[in-house]
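Participant: Just dropping this structure here.
Numbering (the numbering used here), first residue to last: 2 to 194.
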């Protein structure tokens with residue numbers, strides 16, 4: 002199975018990162034990033050929720066959300082994956098380009114690749130649980146446009162026998178994406194063109 006690893010927002014598939022600059026609206030509030038929402042929900046209905054929502058960067062939100070001097074909600078362990086999924090769904094519903102890029106990954110295994118996290122990511126060596134990747138794949142499979150087909154850039158497909166047919170199929174697929182998604186996809190792979 003083809004793997005797609007992501008982590009940094011300025012690298013291919015960076016839009017899957019919780020730090021990507023795709024604001025979401027949930028709970029009648031605007032959140033600058035998924036990370037802001039996720040970290041704030043650790044303290045739902047407290048002053049810390051709003052404090053985190055208003056922070057300038059996702060890194061600031063992450064640091065504030067990990068502060069164990071703040072009272073973590075009692076049901077956090079039971080709710081954290083539900084909250085993350087809710088945020089991913091909102092991001093895909095509210096940003097056509099993210100949804101299109103997610104669907105464009107076909108049946109590829111999505112992996113948040115970093116040594117910094119062994120729960121949401123792969124731990125950097127594959128030993129982590131990759132929960133973020135799993136949730137993204139679940140949300141992907143529920144999209145009406147999902148067909149399981151993945152069209153990587155031709156430069157990644159040296160073994161393709163009929164390159165002309167592949168390019169034609171890839172071009173048709175690209176044109177089916179929103180303009181914003183085409184631009185994002187092209188930006189990811191511009192160094193390969």
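C-beta: ideal position from N, C-alpha, C; glycine also.
Excluding sequence positions up to five away, which residues of its chain have a Cβ less than 6 Å from the Cβ of residue 5?
Facilitator: In the chain shown, counting from the first residue as 1, residue 5 sits at position 4. Counting only Cβ-Cβ distances below 6 Å, and skipping sequence neighbours, we find 14, 106, 109, 111.
Participant: Opposite residue 7 in the DSSP bridges: which residues?
Facilitator: The sequence position of residue 7 within the chain shown is 6, counting from 1. DSSP lists 113 as partners of residue 7.
Participant: Start and end of the beta strand (DSSP E) containing residue 31?
Facilitator: Position 30 of the chain shown, counting from 1, holds the residue named residue 31. Per DSSP, residue 31 belongs to the beta strand (DSSP E) from 30-32.
Participant: Using a 10 Å radius around the Cβ and a threshold of 16 neighbouring Cβ atoms, would you call residue 8 buried or exposed?
Facilitator: Within the chain shown, the letter at position 7 stands for residue 8. Answer is buried; the Cβ neighbour count reaches 16.
Participant: Please tell me whether residue 187 has its Cβ less than 8 Å away from any Cβ of chain B.
Facilitator: This model lacks chain B altogether; it includes just one protein chain.
Participant: Within the same chain, show all residues whose beta-carbon is closer than 6 Å to that of residue 18, passing over the 5 residues directly before and after it, in chain order.
Facilitator: Residue numbering aside, residue 18 sits at position 17 when the chain shown is read from its first letter. The residues are 10.
Participant: In whole angstroms, what separates the C-alpha of residue 62 from that of residue 91?
Facilitator: For this step, residue 62 is matched to residue 61 along the chain shown. For this step, residue 91 is matched to residue 90 along the chain shown. If I take the Cα positions, the gap works out to 18 Å.
Participant: Let's test the definition: count the other Cβ atoms within 10 Å of the Cβ of residue 1 and tell me whether it reaches 16, buried, or not, exposed.
Facilitator: Absent from the structure is residue 1, since the part of the chain shown begins at 2 and ends at 194.
Participant: Just how far apart, CA to CA, sit residue 156 and residue 54?
Facilitator: As a position in the chain shown, residue 156 is number 155, starting the count at 1. As a position in the chain shown, residue 54 is number 53, starting the count at 1. Summary for residue 156: the model assigns pLDDT 48, below 50, so the residue's position carries little reliability, and this model does not support an answer.
Participant: Using the Cα positions of residue 73 and residue 50, report the straight-line distance between them to the nearest angstrom.
Facilitator: Position 72 of the chain shown, counted from the start, is the residue given in the question as residue 73. Position 49 of the chain shown, counted from the start, is the residue given in the question as residue 50. About 11 Å.
Participant: Measure the Cβ-Cβ separation of residue 183 and residue 175 and say whether it is below 8 Å.
Facilitator: For this step, residue 183 is matched to residue 182 along the chain shown. For this step, residue 175 is matched to residue 174 along the chain shown. Result yes, Cβ atoms of residue 183 and residue 175 sit closer than 8 Å.
Participant: Just to confirm before moving on: does the CB-CB distance between residue 27 and residue 86 stay below 8 Å?
Facilitator: Locating residue 27 in the chain shown gives position 26, counting from the first residue. Locating residue 86 in the chain shown gives position 85, counting from the first residue. Result no, Cβ atoms of residue 27 and residue 86 do not sit closer than 8 Å.
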